[in-house]
Amino acid sequence: MNLYKRAWWRLSATPGKALMLTGLFFVICALVLSGFLIRSAADRAAADAKRTVGAVATLSLDINALMKSGKAENGGASGVRIDDSDRLRSGQADRLGASPVVTGFSYKVEAAGQPTDRLKLYRAVPPPPATDTESGDYFKIDGVRDLLATPAFRNGTSKIVAGRGIGPDTKGGVLVLEKRLAEANKLEVGDKVTVRPFLGDGSTQPPKEFTVGGVYVSDTASSSQYVPALADPANLLYASPDAAGSLSAVAPTSEGPDIHEATFTLRGPGDLPKLREEAEALGLDPEIYPLAVNDKQYQQIVGPIARTAGFATLTVWLVSLAGLAVVSLVVAGSLRERRQELGILLAMGERKPRLLGQHLVEIAACALIAIGLAVPASQALAGTVGSGLLAGEVAEAAEDADAGKRNDYADSMGGAPQEEQPAAEPIDELDVRLTAGDIGQVGAAGLGIAAAATLVPGYRVLRLKPRQILTKGD
159 MNLYKRAWWR
169 LSATPGKALM
179 LTGLFFVICA
189 LVLSGFLIRS
199 AADRAAADAK
209 RTVGAVATLS
219 LDINALMKSG
229 KAENGGASGV
239 RIDDSDRLRS
249 GQADRLGASP
259 VVTGFSYKVE
269 AAGQPTDRLK
279 LYRAVPPPPA
289 TDTESGDYFK
299 IDGVRDLLAT
309 PAFRNGTSKI
319 VAGRGIGPDT
329 KGGVLVLEKR
339 LAEANKLEVG
349 DKVTVRPFLG
359 DGSTQPPKEF
369 TVGGVYVSDT
379 ASSSQYVPAL
389 ADPANLLYAS
399 PDAAGSLSAV
409 APTSEGPDIH
419 EATFTLRGPG
429 DLPKLREEAE
439 ALGLDPEIYP
449 LAVNDKQYQQ
459 IVGPIARTAG
469 FATLTVWLVS
479 LAGLAVVSLV
489 VAGSLRERRQ
499 ELGILLAMGE
509 RKPRLLGQHL
519 VEIAACALIA
529 IGLAVPASQA
539 LAGTVGSGLL
549 AGEVAEAAED
559 ADAGKRNDYA
569 DSMGGAPQEE
579 QPAAEPIDEL
589 DVRLTAGDIG
599 QVGAAGLGIA
609 AAATLVPGYR
619 VLRLKPRQIL
629 TKGD
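Just so you know, we're using this note's numbering here: the sequence shown kicks off at 159 and counts up by one.
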């Protein structure tokens with residue numbers, strides 16, 4: 159008799175057992191497919207985060223490496239003597255920033271300026287009598303390539319309220335003043351001001367004229383007690399790199415002003431070797447001008463996603479192994495109950511592979527029905543469970559980050575330290591998509607469990623002779 163007919167008759171004759179087996183496979187396949195969907199969604203989210211955030215590489219001058227190379231020497235009280243040709247310049251950063259692996263870059267020119275009659279220092283609290291104010295009576299000037307890309311403006315602790323900020327195309331002597339400083343000096347956008355360079359050597363330099371290009375407001379409040387003018391956040395000026403370079407103690411060259419470091423946003427952490435090659439091609443010795451990748455932003459976003467994907471993978475394996483064990487026990491019990499049927503069929507000349515095939519067809523039929531039912535159920539389950547797990551991981555990561563921030567020291571301006579925050583919001587929801595590949599995977603897993611659960615106990619029974627099966631049942 160055809161084994162498919164026998165399988166159909168058996169399933170029709172025992173609907174309760176067929177329904178139980180189908181329900182068991184439904185639970186297994188729904189959980190396995192949910193795991194596949196969560197893992198696939200997490201992989202897509204990680205890939206999207208990698209494209210969005212990339213990685214940040216920092217280029218800086220290593221003073222110790224420069225001294226070991228013999229190109230710099232310790233000048234004692236005057237500090238390390240560095241030749242102008244060995245300093246890191248904005249022009250070098252500009253050329254490296256043109257690399258195809260770089261999606262954005264920035265750098266800062268540090269300078270200081272003395273007040274003049276056309277731009278006086280802001281003081282929230284006047285200095286006490288007989289206080290020596292000369293050591294701290296100057297502006298802190300940061301020359302930036304893109305003002306809105308700096309941590310204070312990107313994080314929202316500072317924002318432009320009048321005029322324009324400073325961008326890559328800003329030319330000439332442009333300053334952006336804090337609102338308190340602008341109001342104290344009665345300045346508006348477009349006004350001309352002068353600042354005298356502060357070189358730190360006691361010399362007096364002629365003042366430089368600049369244009370007020372914008373006014374910003376900072377959330378950092380001034381101290382209620384007297385502090386040197388340098389420490390007041392209102393006395394922080396932003397300038398174009400060229401403007402800050404004209405006030406810097408290190409004179410600009412044809413390569414531009416001196417910069418402390420430059421940061422480059424890459425398409426991904428894997429692009430760092432290519433950027434290093436291009437930096438070396440520009441004449442930047444990798445030992446003296448090291449490039450270090452900081453993928454902290456990427457890891458902050460991808461970390462919760464990776465942990466969620468790992469949990470989903472573990473769930474798939476545990477459910478598959480547990481399902482295999484349970485189905486094997488069910489099939490083994492069924493075979494023991496049907497030992498008389500098996501013995502009679504073998505005695506009538508039926509071949510053992512065909513008997514195993516009949517049982518495999520019965521189990522596979524239940525599995526296929528369960529897979530069809532599990533497809534719509536698993537998509538809803540994966541969306542709910544996956545997003546819940548990811549939201550929990552994101553919340554836990556945020557708590558860890560907040561705990562770390564509380565241990566940091568405040569910056570020199572009296573506010574909280576400015577952290578490099580991710581450019582993209584943390585991903586706390588998964589985009590679950592059901593694809594043919596996912597259905598194929600759960601189908602292979604379900605049928606694989608059915609085959610293994612049938613062949614292993616079936617072989618133990620059918621390796622015996624018909625007499626042994628009928629008399630012993632094992």
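Think of the CB as a built atom: it goes at the ideal place given N, C-alpha and C, for glycine as much as any other residue. No experiment lies behind these values; they were computed from the predicted model shown.
Would DSSP call I417 helix, strand or coil? coil
Under DSSP, the alpha helix (DSSP H) around D400 begins and ends at which residues? P399 to L405
Give every residue of the same chain whose Cβ lies closer than 7 Å to the Cβ of V650, excluding the five residues on either side of it in the sequence, and list them in chain order. As shown, the chain starts at 159 and ends at 632. That puts residue 650 outside it, with no answer to give.
Helix, strand or coil at S316 [DSSP, three-state]: strand
Quick one, which of K266, P355, L518 and P287 has its alpha-carbon nearest P326's? K266
Could you give the first and the last residue of the continuous alpha helix (DSSP H) run that contains S248? S248 to G255
Do T369 and G403 have their CB atoms nearer than 9 Å? no
Could you check where the alpha helix (DSSP H) with A223 kicks off and where it finishes? I221 to K226
In the DSSP assignment, find the beta strand (DSSP E) that holds A213 and state where it starts and stops. A213 to S218
A532 in three-state terms, based on DSSP: helix
Start-to-end residues for the alpha helix (DSSP H) that takes in R322: Per DSSP, R322 belongs to no alpha helix (DSSP H) and is neither H nor E.
Among all the DSSP beta bridges, which residues are the ones paired with F356? None, per the DSSP bridge assignment.
Count the other CB atoms, across all protein chains shown, that sit within 10 Å of the CB of S398; report buried if there are 16 or more and exposed otherwise. buried
For K366, the three-state DSSP class (helix, strand or coil): strand
Own chain, CB closer than 7 Å to L345, minus 5 neighbours either side, in chain order: L335, V351 and V370
Distance CB(P410)-CB(R354) smaller than 9 Å: no
Measure the C-alpha to C-alpha separation of F184 and G174 and round it to an integer number of angstroms. 15 Å
Return helix, strand or coil for A602, following the three-state DSSP convention. helix
Less than 8 Å between the CB atoms is what I'm expecting for V259 and R425, so what's the real figure, rounded? 6 Å
Under 8 Å: does the beta carbon of G403 sit that close to some heavy atom of the ligand FMN? This structure does not include the ligand FMN; it has no bound ligands of any sort.
Same chain, Cβ closer than 7 Å to I417, five either side skipped, listed in chain order: L246, R247, S248, A251, Y265, K266 and V267
Under 8 Å Cβ to Cβ from S570, same chain only, skipping five residues before and after it: list those, please. Since pLDDT at S570 reaches only 39, below the 50 mark, its modelled position is unreliable, and no value is offered.
Could you tell me whether the Cβ atoms of I521 and A608 are closer together than 9 Å? yes
What are the residues that DSSP puts in a beta bridge with T274? L277
Do three or more CB pairs link the stretch 193 to 203 to the stretch 527 to 546 at distances below 8 Å? yes
At what residues does the beta strand (DSSP E) containing L339 begin and finish? Unbroken run through L339 is the alpha helix (DSSP H), K337 to A342; no beta strand (DSSP E).
Please state if the CB of D244 and the CB of K229 are separated by a distance shorter than 9 Å. yes
Report the partner residues of E268 according to the DSSP bridge assignment. D300
Do you know offhand how far R338's Cα is from A392's? 6 Å
Considering just the uninterrupted stretch of the alpha helix (DSSP H) at A307, what are its terminal residues? Element bounds for A307: n/a, residue is neither H nor E.
I think R281 touches A387, with their Cβ atoms under 8 Å apart; what is that distance to the nearest whole Å? 6 Å
Assign S236 to one of two classes, buried (16 or more other C-beta atoms within 10 Å of its C-beta) or exposed (fewer than that). Caution is warranted here: a pLDDT of 49 is assigned to S236, below 50, making its placement in the model unreliable, and no coordinate value can be reported.
Answer yes or no: do S529 and I463 have a C-beta to C-beta separation smaller than 9 Å? Position check: residue 529 holds Ile in this sequence, whereas Ser was assumed. The answer is no: Cβ separation not under 9 Å.
Looking at C-alpha atoms only, which residue of T466, A223 and F356 is the closest neighbour of I446? A223
Same chain only: Cβ atoms within 6 Å of A470, ignoring 5 sequence neighbours per side: G193, I196 and R197
Residue closest to A467, alpha-carbon to alpha-carbon, out of L177, R168, A205 and A611: A205
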